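Encoded as structure tokens, the structure appears first; notes follow it.
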Amino acid sequence: MKYLYRKEHLKAGFNSENYQFRIGELTSMTGVSARQLRYWESKGIIESIHRSGEQEGRVYKFKTFIKVMMIKYYLDTGYTLKSAVKNVEEKQKYLTLTRHIIFSALNGIVEVDGTVMLDLGNFDDDGQQRLLAYFDDDQQKVRYQLIDSDQMGDEDE
DNA sequence: ATTCTTACA
DNA sequence: TGTAAGGA
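full-length UniProt numbering numbers the first residue of the first sequence as 1 and each following residue consecutively.
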């Protein structure tokens, strides 16, 4: 068993603040026009950072990208902008909770017998067992495996 | 090249 | 909301 990544190495990659987009990029990513994005911002639905100095223009955070995607989804299924936004904002608190739990649970990425697995941290209160999760490509589902914590450091790099 | 605001359709 | 104008 070997650590491919430890928690601290995953942080930068999962830190959504590291991903920012200009309006043209957000438009091609979401299918929402620049006109709409500016209008939504004027209504307080989304936020952007105004870059000062050389490179003018709006900059959107990853969080905004997600929100725009979700609003677009509801618009496409026939909701008005107002109700689409309401739906999205109701769901956002659950997304936040989900993200908190998943990111705090994720302890690293390991490889066991050639299979890449997520280290989900201690399974029991006294820290004897570690919970690992991996994806079964054949059955298209998540599988779990327990491993003794004292084996976790083996073959470390 | 891209984005900005304003304004009219 | 789209589009065009006219600047940055």
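Ideal Cβ positions, reconstructed from N, Cα and C, are used throughout, including at glycine.
Since the model is a prediction, treat every value here as computed from it, not as a measurement.
Residues that residue i bridges to, as DSSP identifies them
i: Asp119; result: Gly108 and Leu132
i: Val142; result: Phe135
i: Lys91; result: None; Lys91 has no bridge partner.
i: Phe21; result: Tyr60
i: Arg6; result: Gly108
i: Asp148; result: Gln129
Of the listed residues the options, nearest to residue i (C-alpha basis)
i: Phe62; options: Ile49, Tyr39 and Val110; result: Ile49
i: Val88; options: Asp126, Leu97, Tyr73 and Gly78; result: Tyr73
i: Gly127; options: Asp150, Leu97 and Lys67; result: Asp150
i: Ile71; options: Phe21, Tyr94, Leu37 and Ser42; result: Leu37
i: Thr27; options: Met69, Asn122 and Lys91; result: Met69
i: Leu81; options: Ala105, Lys91, Tyr39 and Val110; result: Tyr39
Exposure label - residue i; buried when at least 16 CB within 10 Å
i: Leu132; result: buried
i: Arg99; result: exposed
i: Gly108; result: buried
i: Ala84; result: buried
i: Phe103; result: exposed
i: Val142; result: exposed
i: Val116; result: exposed
i: Glu157; result: For Glu157, the predicted model reports a pLDDT of 49, less than 50, meaning its position is unreliable; a value from the coordinates is still stated below. Glu157 is exposed by the Cβ-count criterion.
i: Phe65; result: buried
i: Thr30; result: buried
i: Arg58; result: buried
i: Ile45; result: buried
i: Lys11; result: exposed
CB-CB length for residue i against residue j, believed under 8 Å
i: Tyr60; j: Phe14; result: That pair is no contact at about 18 Å.
Pick out the complete beta strand (DSSP E) segments inside the stretch 20 to 50, 3 residues or longer, and give them in chain order.
20 to 22
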